[in-house]
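Written out below as structure tokens is the structure these notes cover.
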Amino acid sequence: EPEVTQTPSHQVTQMGQEVILRCVPISNHLYFYWYRQILGQKVEFLVSFYNNEISEKSEIFDDQFSVERPDGSNFTLKIRSTKLEDSAMYFCASGNSANQPQHFGDGTRLSIL
Amino acid sequence: EDKVVQSPLSLVVHEGDTVTLNCSYEVTNFRSLLWYKQEKKAPTFLFMLTSSGIEKKSGRLSSILDKKELFSILNITATQTGDSAVYLCAVPPGAGSYQLTFGKGTKLSVIP
Numbered sequence: 005e006p007e008v009t010q011t012p013s014h015q016v017t018q019m020g021q022e023v024i025l026r027c028v029p030i031s032n033h034l035y036f037y038w039y040r041q042i043l044g045q046k047v048e049f050l051v052s053f054y055n056n057e058i059s060e061k062s063e064i065f066d067d068q069f070s071v072e073r074p075d076g077s078n079f080t081l082k083i084r085s086t087k088l089e090d091s092a093m094y095f096c097a098s099g100n101s102a103n104q105p106q107h108f109g110d111g112t113r114l115s116i117l
Numbered sequence: 003e004d005k006v007v008q009s010p011l012s013l014v015v016h017e018g019d020t021v022t023l024n025c026s027y028e029v030t031n032f033r034s035l036l037w038y039k040q041e042k043k044a045p046t047f048l049f050m051l052t053s054s055g056i057e058k059k060s061g062r063l064s065s066i067l068d069k070k071e072l073f074s075i076l077n078i079t080a081t082q083t084g085d086s087a088v089y090l091c092a093v094p095p096g097a098g099s100y101q102l103t104f105g106k107g108t109k110l111s112v113i114p
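Protein chains in written order, with our numbering: chain A, 5 to 117; chain B, 3 to 114.
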């Protein structure tokens, strides 16, 4: 069964450094999402992406965040200057239409020191 | 303000028991409600519900939606230790939005 894959599984970074989290969505999907889950808290929406542009973003997704689909398969989340509070599990998800279920990757655990 | 509220937050049962997990929601222009199972990593899709009163079933798991009372239940019969997980309920929050708003989840522990 096709699945969403994310790399790396764990990223440790010094505060203030830039990180790029990578995702390969399911191949025929057109809608892409990033969510995060701080330890012990709810899964929270960050951003959705369709047709090579952001379609929605949350208040969390401020100027330090950006997303890109650099080629036909990858979908990336960049955090420009990481803060301690960015430590969380980041999930990528994809769906083949806006009204269809989103399928999640295994996540990248980001630890900011 | 929570728009998706799940109960109970945690539950411990013995193998073979039947459990019912609850999810209530408050959104404008309801379109769908989704259930996911989260073990160690990725939330894994279980069900998407759009119509009231129609049960969705997959093996020992089933779910139903009540759009009048704004809630859904997820039933698991003859529980097994492999059912131990956090069960998440999620809804798109409103018209034109396809992001998912998640509840806090119900942590189910099935003991032998």
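All residues carry an ideal CB built from backbone N, CA and C; glycine is no exception. As the structure is a computational prediction, the values presented were derived from the model and not from experiment.
| Check | Outcome |
| --- | --- |
| Keeping to the same chain, check which residues put their C-beta closer than 7 Å to that of A/GLY111; ignore five residues upstream and five downstream. | GLN10, MET93, TYR94, PHE95 |
| By how many angstroms is the C-alpha of A/ILE83 removed from the C-alpha of A/LEU50? | 12 Å |
| Check whether the Cβ of B/VAL21 sits closer than 6 Å to any heavy atom of the ligand ADP, and report yes or no. | Ligands in the displayed structure: none, and consequently the ligand ADP is not present. |
| Between the C-alpha atoms of B/PRO95 and A/ASP90, what's the straight-line distance to the nearest angstrom? | 24 Å |
| Roughly how many whole angstroms lie between the Cα atoms of B/LYS58 and B/SER74? | 11 Å |
| Taking DSSP as the reference, what is the three-state secondary structure of B/THR83? | helix |
| Go to A/GLU72, then tell me how far its beta strand (DSSP E) extends in each direction, as first and last residue. | 69-72 |
| So, is B/THR22 buried or exposed, given that buried needs 16 or more other C-beta atoms within 10 angstroms? | exposed |
| In chain order, what residues of the same chain lie with their CB nearer than 6 Å to the CB of B/ASN77, ignoring the 5 residues before and after it? | THR22, SER64 |
| Checking contacts by CB at 7 Å: is A/ALA92 closer than that to chain B? | no |
| Going by other Cβ atoms of all chains shown within 10 Å of its Cβ, with 16 needed for buried, is B/GLU71 buried or exposed? | exposed |
| Quick check: the segment 5-15 of chain B against the segment 99-112 of chain B, are at least 3 beta-carbon pairs closer than 8 Å? | yes |
| Compute the beta-carbon to beta-carbon distance between A/SER85 and A/TYR35, rounded to the nearest angstrom, for a pair I have assumed lies under 8 Å. | At roughly 28 Å, the Cβ-Cβ gap does not stay under 8 Å, so A/SER85 and A/TYR35 are not in contact. |
| What does A/GLN106 reach in chain B if we use C-beta pairs closer than 7 Å? | LEU102 |
| Residues of chain B with a CB under 9 Å from the CB of A/SER115: which are they? | What A/SER115 touches in chain B: nothing, since even the nearest Cβ is about 16 Å away. |
| If we cut at 7 Å on Cβ distances, does A/VAL16 have a partner in chain B? | no |
| What does A/ARG26 pair with, by DSSP beta-bridge criteria? | A/THR11, A/THR80 |
| Could you pull out every residue in the same chain whose Cβ sits closer than 6 Å to the Cβ of B/SER9, ignoring the five residues on either side in sequence? | ASN24 |
| Does DSSP put B/ASP68 in a helix, in a strand, or in coil? | strand |
| Give the straight-line distance between the Cα atoms of B/GLY41 and A/ILE64, rounded to the nearest whole angstrom. | A small correction: the amino acid at residue 41 of chain B is Glu; Gly does not occupy that position in the sequence shown. So the two alpha carbons sit approximately 25 Å from each other. |
| So is A/GLY111 in contact with chain B if we call contact Cβ pairs under 7 Å? | yes |
| So if I threshold CB-CB distances at 8 Å, which residues from the segment 88-99 of chain B count as touching chain A? | LEU90, ALA92, SER99 |
| On the three-state DSSP scale, how would you describe B/LEU1? | The structure shown does not extend to residue 1 of chain B, since chain B is modelled only from 3 through 114, so no value can be given for it. |
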